[in-house]
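K.L.:
2 protein chains.
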Amino acid sequence: MAVAGQRRRRKEERPGEIVEAAFEEFARSGFMATKLDDVAARAGITKGTIYLYFPSKEDLFLATMHEMSRPSREHLAALTAAPQGSAMAILRTHFAFEYAQMVEDRRTREIIRMLLAEVSRFPDLADRWRAEVIGPEVEALRRVVRYGVERGEFRPSAAEQFPHLLFAPVIMACTWRLMFGDDHALDGPAYLDGHLDLLERGLMCGSRPNPPPSAGEGAPRSGAGEGTTLPERSRP
Amino acid sequence: MAVAGQRRRRKEERPGEIVEAAFEEFARSGFMATKLDDVAARAGITKGTIYLYFPSKEDLFLATMHEMSRPSREHLAALTAAPQGSAMAILRTHFAFEYAQMVEDRRTREIIRMLLAEVSRFPDLADRWRAEVIGPEVEALRRVVRYGVERGEFRPSAAEQFPHLLFAPVIMACTWRLMFGDDHALDGPAYLDGHLDLLERGLMCGSRPNPPPSAGEGAPRSGAGEGTTLPERSRP
DNA sequence: CCTTATTGACTGCCTGGTCAGTTATTAGTA
DNA sequence: TACTAATAACTGACCAGGCAGTCAATAAGG
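Chain order of the listed sequences is C and X. End of the first sequence = 236 in my numbering, gap-free, step of one. End of the second sequence = 1236 in my numbering, gap-free, step of one.
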């Protein structure tokens, strides 16, 4: 192990490597059952080295959670833009991302698992998650729903008060996969399509398929509308 | 402590008391962090006594989970009856129960938390839960949806393939409360009403509010229909 | 040779599990 | 009723192993 520059890695790569290894072990065994010796072994170092970068096991756990939830926090930026185009198209795009992140990405799933498992030990974790991730997302979704209502595309509904109802199927698929494993995963494009289909029918304005009064697009439920450059899901 | 018959409680009450105390401790701290001394103290006995009734900590945990999930298993009996009356009314009744059990009942919530937290340590737990609780529920819901379609009340939709979409908001409210605590609970009748409203609009047949061809009830979304003797939720 | 990153042996504490002993209860005897 | 033996239920001190956290020693760079 006499690679040049091996000792110079401290401030650059070591903390990231430790956090990476810690995530795998915490996700596998939970906070209490995780042994720092195992984390160190996975990172290719010894336990003492961990304490050069993190003052305690708890701090390592908090740092790991914060680091691993970064993608979720960054994803929010895209959602907070002012809505334009078809509200349903915005939802379609958003839930495609959301689904890819919360269901198909193993890391985000495991973050959710650890949040649920360790809230009693780390109450601040849930608070931060709500303040930085879920809360803003709920508010953004609420704006989209109101935008759709103002636009005449959506009817007034409980979705304005509880935007949570809109992404509930994503949480469902996430917890399902967490609980029953990848072998029984509830995903695939069909599930997302079904989610969006029920959503559209549940939200859309009026009992008859009349187009919204603004843009000249067709009926709202015929495929995705304008207002986004992101790929659309196929619809059966 | 010279109450007559105090020593005769063994086969009758002791195991139940231990399981009860164990549930509280496991729910509070998770499997690993729970100390059997604390369980014993909560049950008003000493650790040695636990080992008179349960061979190991793991066995105590499994027994606790099995015992505490009994209400959920028993609740299924009501759901497997042959559907009759309005399909929407069946769903309404069912989700009122489901909501009371999975969201408002602290014990069932904590069971879900422990299942999610400890699947990697006890893989059989999730299998049993799927085989005995969730699986039958999904199938029962699927039958209700098909019944609604055959009856002309529901349109064909992805809910036939994924009945999970229907109870996703219940799981959402459950995990929300697990994560953010009772203070930020997402419940109250309004949430359930919103859920049912979106569900009804999402499932109902046709684009115009025509009544189903069978019974002479009004438009499907005006209150609960016939076919059940259970109490209805208020609708705003 | 001086600095810096890393090691690995060590300690102290904690907790699952054990078991010889203690106490309450019942059965038996007269 | 009084007294004793047998049994059932329970206790608590103890052990053994495991693991978070420490620190003097070591090796790698410059």
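Virtual Cβ for every residue (Gly too), placed ideally from N, Cα, C.
When DSSP builds the beta bridges, which residues end up paired with residue 1154 (chain X)?
P.N.:
DSSP, once it has assigned bridges, lists X:1204 as partnering residue 1154 (chain X).
K.L.:
Tell me which residue opens and which closes the alpha helix (DSSP H) that residue 1047 (chain X) is part of.
P.N.:
It spans 1047-1053 - the alpha helix (DSSP H) in which residue 1047 (chain X) sits, taken as one unbroken run.
K.L.:
Identify whether residue 61 (chain C) lies in helix, strand or coil by the three-state DSSP scheme.
P.N.:
If DSSP states are grouped into helix, strand and coil, residue 61 (chain C) belongs with the helices.
K.L.:
Need the endpoints of the alpha helix (DSSP H) that residue 33 (chain C) sits in, please.
P.N.:
Segment 14-33, the alpha helix (DSSP H) holding residue 33 (chain C).
K.L.:
So within the stretch 81-157 of chain C, which uninterrupted alpha helix (DSSP H) runs reach at least 4 residues, ignoring any that extend past its ends?
P.N.:
Listed in chain order, they are 87-99, 106-118, 123-129, 135-150.
K.L.:
Check whether the Cβ of residue 102 (chain C) lies closer than 7 Å to any Cβ atom in chain X.
P.N.:
Chain X contact via Cβ: absent.
K.L.:
Take residue 189 (chain C) as the anchor and find which of C:126, C:143, C:96 has the nearest alpha-carbon.
P.N.:
Among C:126, C:143, C:96, the Cα nearest to that of residue 189 (chain C) is on C:96.
K.L.:
Count the other CB atoms, across all protein chains shown, that sit within 10 Å of the CB of residue 231 (chain C); report buried if there are 16 or more and exposed otherwise.
P.N.:
The pLDDT assigned to residue 231 (chain C) is 38, lower than 50, so where the model puts this residue is not dependable; a value taken from the coordinates is nonetheless given after this. Result: exposed.
K.L.:
Would you mind telling me which residues of chain C sit closer than 9 Å to residue 1039 (chain X), beta carbon to beta carbon, in chain order?
P.N.:
Simply none; closest approach about 16 Å.
K.L.:
Anything in chain X within Cβ reach of residue 191 (chain C), meaning under 9 Å, just list it in chain order.
P.N.:
Chain X residues near residue 191 (chain C): 1158, 1161, 1162, 1164, 1165.
K.L.:
How would you label residue 89 (chain C), buried or exposed, when you count the other beta carbons within 10 angstroms and need 16 or more for buried?
P.N.:
Buried is the call here.
K.L.:
Just the C-alpha distance for residue 180 (chain C) and residue 1128 (chain X), rounded to the nearest angstrom, thanks.
P.N.:
So the two alpha carbons sit approximately 10 Å from each other.
K.L.:
Give a yes or no on whether the C-beta atoms belonging to residue 1114 (chain X) and residue 33 (chain C) are separated by under 7 Å.
P.N.:
No, these two residues do not count as a Cβ contact at 7 Å.
K.L.:
Can you list, in chain order, the residues of the stretch 9-30 of chain C whose Cβ is nearer than 8 Å to any Cβ on chain X?
P.N.:
Listed by position along the chain: 28, 29, 30.
K.L.:
Against residue 1202 (chain X), what residues of chain C qualify as contacts under a CB-to-CB distance less than 9 Å, listed in chain order?
P.N.:
Result: 197, 198, 199, 200, 201, 202, 203.
K.L.:
Under a CB-based cut-off of 7 Å, is residue 1169 (chain X) close to chain C?
P.N.:
It does; some Cβ of chain C falls within 7 Å.
K.L.:
Which stretch, first to last residue, makes up the alpha helix (DSSP H) that contains residue 1010 (chain X)?
P.N.:
First-last for residue 1010 (chain X): undefined, no H or E at that position.
K.L.:
If you measure from the beta carbon of residue 304 (chain C) to each beta carbon in chain X, is any gap under 7 Å?
P.N.:
As displayed, chain C neither begins before 1 nor continues past 236, which places residue 304 (chain C) out of reach and without an answer.
K.L.:
Once the 5 residues before and after residue 238 (chain C) are set aside, which same chain residues still bring their CB inside 8 Å of it?
P.N.:
For chain C, the structure presents residues 1 to 236; residue 238 (chain C) sits outside this window and is missing.
K.L.:
Residue 119 (chain C): beta carbon under 6 Å from a heavy atom of the ligand SAH?
P.N.:
Annotation note on the ligand SAH: not contained in the displayed structure, which lists no ligands.
K.L.:
Have a look at residue 118 (chain C) and residue 1010 (chain X) and give me their C-alpha separation to the nearest angstrom.
P.N.:
Each residue's Cα considered, the two are about 35 Å apart.
K.L.:
Under the three-state reduction of DSSP, which class applies to residue 1071 (chain X): helix, strand or coil?
P.N.:
If DSSP states are grouped into helix, strand and coil, residue 1071 (chain X) belongs with the helices.
K.L.:
Near residue 1036 (chain X), which residues of its chain fall below 7 Å by C-beta distance, leaving aside the five closest residues on each side in sequence?
P.N.:
For residue 1036 (chain X), where only same-chain residues beyond five positions count, the Cβ hits under 7 Å are 1047, 1050, 1057.
K.L.:
Please classify residue 30 (chain C): is it buried, with 16 or more other beta-carbons within 10 angstroms of its beta-carbon, or exposed?
P.N.:
Buried.
K.L.:
Output the residue ranges of the alpha helix (DSSP H) runs that lie fully inside the stretch 1151-1199 of chain X and measure 4 residues or longer, sorted by chain position.
P.N.:
DSSP runs (the alpha helix (DSSP H)) wholly in the stretch 1151-1199 of chain X: 1164-1180.
K.L.:
Determine whether the beta carbon atoms of residue 1067 (chain X) and residue 1019 (chain X) lie at a separation below 7 Å.
P.N.:
Closer than 7 Å, so yes.
K.L.:
Are the CB atoms of residue 1039 (chain X) and residue 1017 (chain X) within a distance shorter than 7 Å?
P.N.:
Going by C-beta atoms, residue 1017 (chain X) is not nearer than 7 Å to residue 1039 (chain X).
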